[in-house]
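K.L.:
In our numbering, the protein residues as written are 781 to 932.
Ideal placement from N, C-alpha and C gives every residue a C-beta, glycine not left out.
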Amino acid sequence: MKQGPELKRIEDNMRSGQLAAHQFLGTDTRALKDIILHDQLLLEPLGLTPQDIAERMLYFTEKAEENLGPQLIDKVFRVERQEHKGDIPCPFADNSQASKSITQVTNTRTGKTVSWSDLNIHLIAEHGFFEGHGAPFRVDPVEIAEVLDIKK
Ligand SMILES: [Zn+2]
């Protein structure tokens with residue numbers, strides 16, 4: 781994971797640069813490295829890594845892409861995808877970009893729903909970044925682990 785001056789420059793670009801409109805940091809005033817570290821610490825007691833979370837998100841995203849409209853996966857998860865045109869660049873300036881399409885999953889046992897964009901999967905897998913508090917597309921690591929029933 782990138783640290784130091786590079787991470788500060790990325791943070792500045794998210795807060796007030798070209799990417800500010802995407803609100804990756806929401807209302808969060810903590811430094812980017814602290815946001816990433818804190819979410820990592822939330823996952824540690826669960827024995828999970830950001831990569832475990834991203835892998836499970838990708839699993840449902842790929843299922844959702846196979847069919848239009850809602851479907852039930854593994855008898856428990858109601859999955860639906862909303863296609864949106866256009867791509868968002870990765871704010872970590874690694875020349876990656878991902879579509880704006882949204883995957884929504886409801887755990888029918890608990891009634892709880894989570895959703896994410898394709899970019900969230902990249903941000904979590906590659907950068908351990910779940911976005912800041914108050915960000916429109918923040919993924920809460922503990923909540924998503926529960927809703928998607930992610931276990932080590
Ligand atoms: Zn990236």
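What residue from Val922, Phe917, Leu928 has the CA that sits closest to His802's CA?
P.N.:
The residue you call residue 802 lines up with position 22 of the sequence shown. Comparing Cα positions, the closest option is Phe917.
K.L.:
With C-beta atoms as the reference, is Gly806 less than 7 Å away from Ala873?
P.N.:
For the purposes of this step, residue 806 is taken as the residue at position 26 of the sequence shown. For the purposes of this step, residue 873 is taken as the residue at position 93 of the sequence shown. Going by C-beta atoms, Gly806 is not nearer than 7 Å to Ala873.
K.L.:
Could you check the C-alpha separation between Ala834 and Gln798 for me, to the nearest Å?
P.N.:
For the purposes of this step, residue 834 is taken as residue 54 along the sequence shown, with counting starting at 1. For the purposes of this step, residue 798 is taken as residue 18 along the sequence shown, with counting starting at 1. Distance between the alpha carbons of Ala834 and Gln798: 26 Å.
K.L.:
Nearest to Asp722 by CA position, among Pro825, Lys932, Gly912, is which residue?
P.N.:
Outside the displayed range of the chain (781 to 932) lies residue 722, so it cannot be described from this structure.
K.L.:
From what residue to what residue does the alpha helix (DSSP H) around Phe857 run?
P.N.:
Reading the sequence shown from its first residue, position 77 is the one you call residue 857. From DSSP, Phe857 is part of no alpha helix (DSSP H) but of the beta strand (DSSP E) over 857 to 862.
K.L.:
Could you pull the start and end residues of the beta strand (DSSP E) that Leu899 belongs to?
P.N.:
One-based indexing of the sequence shown puts residue 899 at position 119. From DSSP, Leu899 is part of no beta strand (DSSP E) but of the alpha helix (DSSP H) over 898 to 907.
K.L.:
Expressed to the nearest angstrom, what Euclidean distance is found between the alpha-carbon atoms of Phe919 and Ala811?
P.N.:
Taking the sequence shown and counting its residues from 1, the one referred to as residue 919 is at position 139. Taking the sequence shown and counting its residues from 1, the one referred to as residue 811 is at position 31. In the sequence on display, residue 919 carries Val and not Phe. Rounded to the nearest angstrom, the two C-alpha atoms are 18 Å apart.
K.L.:
Between the Cα of Asp792 and those of Gly849, Pro850, Pro871, spot the shortest distance and give me the residue it belongs to.
P.N.:
The sequence position of residue 792 within the sequence shown is 12, counting from 1. When only C-alpha atoms are compared, the closest one is Pro871.
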